[in-house]
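Q: Here it is, the structure, as structure tokens.
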Amino acid sequence: ASRAYEDTALPIGYNQTISQPYIVAVMTDLVVRGNPQKVLEIGTGSGYQAAILAPLVPKIYTVERIKPLAVQARQRFRQLGLRNIRASYSDGTEGLPDFAPYDAIITTAATEAIPEALMEQLSPKGGRLIIPVGGRDRQTLTVVTRNGDSYEQEGLDPVIFVPLLTGQT
-5 ASRAYEDTAL PIGYNQTISQ PYIVAVMTDL VVRGNPQKVL EIGTGSGYQA
45 AILAPLVPKI YTVERIKPLA VQARQRFRQL GLRNIRASYS DGTEGLPDFA
95 PYDAIITTAA TEAIPEALME QLSPKGGRLI IPVGGRDRQT LTVVTRNGDS
145 YEQEGLDPVI FVPLLTGQT
């Protein structure tokens, strides 16, 4: 509680962090542009980002690769009455193809190369992927927009996120 008002990433266990509040706001703004109806979040963590999106987006799918975090987030969503969030325990690098396409995909972990599976799951009608791209020491918050079969990539701000890992734990 003593760090509740800090604008910094905070540990949530399992070598993971909850994103800096300022970055949560920036990423939320990027997601809700264009009034998305269906969003996929990669990296549920504590569930905070999905909970922030819940009143703004009709349907949210979120995936977490660390089982205890996925279970805890699911319980939080239930306790908060957030019925428009569907939380899954799975490898986020694969996205969630069963419910694609998505109007927006938000990734709360960094990758050196954007996973092809995520780009393919974007709606071809302006779907947007918000993702930190780069190595451990230097990352850029990036927006990829899909129109038909073409993708436009725009680098925004420098950021630091935990790495996007494959597999489940």
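Counting with the numbering used here, you get residues -5 to 163 for the letters of the sequence shown. Idealized CB from N, CA, C, for every residue including glycine.
Using the Cβ count rule (16 or more neighbours within 10 Å means buried), how would you classify GLN69?
A: Exposed, because fewer than 16 other Cβ atoms sit within 10 Å of the Cβ of GLN69.
Q: Does DSSP put PRO62 in a helix, in a strand, or in coil?
A: Three-state result, PRO62: helix.
Q: Within the continuous beta strand (DSSP E) that includes LEU159, where are the two ends?
A: Element bounds for LEU159: n/a, residue is neither H nor E.
Q: Do MET21 and ILE100 have their C-beta atoms closer together than 8 angstroms?
A: A contact, by the Cβ cut-off of 8 angstroms.
Q: Would you call the stretch 62 to 78 and the stretch 122 to 132 in contact, with 3 or more CB pairs under 8 angstroms?
A: No, the stretch 62 to 78 is not in contact with the stretch 122 to 132.
Q: Work out the CA separation of GLU106 and VAL153 for me, nearest whole Å.
A: When rounded, the distance between both Cα atoms is 13 angstroms.
Q: Would you mind stating whether THR102 and GLN43 have Cβ atoms separated by less than 8 angstroms?
A: Yes. Within cutoff.
Q: Which same chain residues end up closer than 7 angstroms to THR160 when comparing Cβ atoms and leaving out the 5 residues on each side of it in sequence?
A: Once the five neighbours on either side are set aside, the close Cβ partners of THR160 are ASP85 and THR87.
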